[in-house]
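Below is one structure, written out as structure tokens, with a few remarks after it.
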Amino acid sequence: MKYEFMKRTIEVASKGSGFVNPKPLYGAVLVKDNNIIGEGYFDGTKAEVAEIKAIKNSTENTQGASLYLNMEASLGNEDISVILKNGIKNIYFGILDPVLKGKTVNLLREKGIQVETGLLRDECEELNEIYIHYIKNGIPFVFTKWAMTLDGKLATRTGDSKWISNEDSLKFVHKLRQRVAAILVGENTVKLDNPMLNTRLDCPKISNPLRVIISKYGDIPNDSNVLKVDDNTKTLIIASTNIAKERENYFLHKKVNVMKLEEKSGYIDFKDIVKALGKIGIDSLYIEGGGAILGSAFDSGIVNKVYAVVAPKIIGGKGAVTPVGGKGIEKMRDALVLKKVTHEIVGSDVIFKGYLY
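In the working numbering, the protein residues as written are 1 to 357.
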């Protein structure tokens, strides 16, 4: 039963997805007599910690209950006092916080609370892989996603790509957008598709990632959807230091931020991009394309995770677009190999997931 309760804790913690960056997803489940009697999660605000929420939300007396927490939290003396007063004797942690490194666990044990760590460790680490990576490296956790046909095409020879994947896969994509701090495409994608790059989910509360557009000289149509900003939808243009001042001022007038980076051999280096984004608190970056941008990302070695949606369609064509451009690999023995590969069938599509380290 312990594993089932930790699975539920992970589900509860996930409710904060999109609202806590760059902090971790954190949930608490209170259990008594093998029944869940209270739940709480971190929602990104300065409200009570998840443990206290779970206690206050409990449906019955908490004496002798156990707490399940997906990650170690920074608990003050007041929080620990509440836990003790409510008779909680056991606490199960999924993983330790890379910042606290067991400090809270030791403190709880000193207070006489029995603590167990490592429950569903792998699942808890995946839930907070963004936070862990950002804390350890200071740069965003980067993942890519593309949808392609069975014969490996991103679009037809005329450039048409709507829609390769099914509706269920599109919902999956929007859940990814909800999770991350920023989503990135190149100016060609903006010109061809005029995307919104926002989150569209049927739920009461959504979070739009920062829209990041790589455009060396600001060559983006003035009526582009990504240039329409408001309090909930922001855009950042990553441009060359050689961008015309007039064009930069136009973006700033539209309340679109501009980040200027030095060109290297005619390109803006992705390693410089992730470093710059990390410095402004962007803990996660979702690169959605197109092929040239994805190729540059892989060539630079900054990609951590890959999602590939494969639809059971064949379009053929020597000139049809493939997902990853760039310089590429010369020898098959040097090909990038994904680790921890899993797949999920969504409708008629198959979504592959794997890691690059």
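Glycine is no exception: its CB is placed at the ideal position from the N, C-alpha and C atoms.
- In its chain, beyond the 5 residues on either side, A181, A182, I183, K234, T235, L236 and I282 have a beta carbon closer than 8 Å to the beta carbon of L210.
- A straight-line Cα-Cα distance of about 6 Å links A28 and Y68.
- By the Cβ test, the segment 322-330 is not in contact with the segment 158-173, since fewer than three Cβ pairs between them sit closer than 8 Å.
- In the three-state reduction of the DSSP assignment, R121 falls in the helix class.
- Following the DSSP letters along the chain, one finds S66 inside the beta strand (DSSP E) bounded by residues S66 to M71.
- When the beta-carbon positions are compared, C124 and I268 stay at least 8 Å from each other.
- For E330, there is no enclosing beta strand (DSSP E), as DSSP marks it with neither H nor E.
- A distance below 7 Å between beta-carbons, with the five flanking residues on each side excluded, links F298 to the following residues of its chain, in chain order: V324, G326 and L336.
- Between K353 and E48, the alpha-carbon positions lie close to 35 Å from each other.
- Under the DSSP assignment, N35 falls in the beta strand (DSSP E) whose first and last residues are N35 to Y41.
- Runs of the beta strand (DSSP E) lying entirely within the segment 78-142, each at least 3 residues long, are 90-95 and 114-116 in chain order.
- Annotation: the continuous alpha helix (DSSP H) that includes L277 extends over F270 to K279.
- When V190, N232 and S215 are compared, the shortest CA-CA separation from N208 is found for N232.
- For T189, the enclosing alpha helix (DSSP H) has its first and last residue at E187 to D193.
- The beta-bridge partner set that DSSP reports for N257 consists of L236.
- Straight-line measurement puts the Cα of L192 at about 37 Å from the Cα of K136.
- The Cβ atoms of V256 and V142 do not sit closer than 8 Å to each other.
- Counting along the chain, R211 sits inside the beta strand (DSSP E) bounded by residues L210 to I214.
- By the C-beta criterion, the segment 97-111 is judged to be in contact with the segment 56-74, since at least 3 inter-stretch pairs fall below 8 Å.
- Between I238 and V226, the CB-CB gap reaches or exceeds 8 Å.
- Counting only residues of its own chain and dropping the five nearest sequence neighbours on each side, I139 has a CB closer than 7 Å to the CB of V274, K275 and G278.
- The beta carbons of S165 and V309 sit about 5 Å from each other, so the pair counts as a contact at 8 Å.
- Short of 7 Å from the beta carbon of I55, and not among the five residues preceding or following it, lie these beta carbons of its own chain, in chain order: L30, G38, T62, V82 and N86.
- When the alpha-carbon of K339 is set against those of K318, V303 and K228, the nearest one is in V303.
- R247 has its alpha-carbon roughly 28 Å from the corresponding atom of T199.
- If you compare the alpha carbons of N188, A50 and S224 with that of S215, the shortest gap goes to N188.
- Counted as a single uninterrupted DSSP element, the alpha helix (DSSP H) harbouring K2 occupies residues K2 to A13.
- Around the C-beta of G18, 16 or more other C-beta atoms lie within 10 Å, and the residue is accordingly described as buried.
- Per DSSP, the unbroken alpha helix (DSSP H) holding L170 starts and ends at E167 to R179.
- Boundaries of the alpha helix (DSSP H) around D299: G291 to S300.
- In this structure, the beta-carbon distance from I36 to S284 does not fall below 8 Å.
- Looking at the DSSP output, L30 bridges to G38 and L67.
- Less than 8 Å divides the Cβ of I293 from the Cβ of G186.
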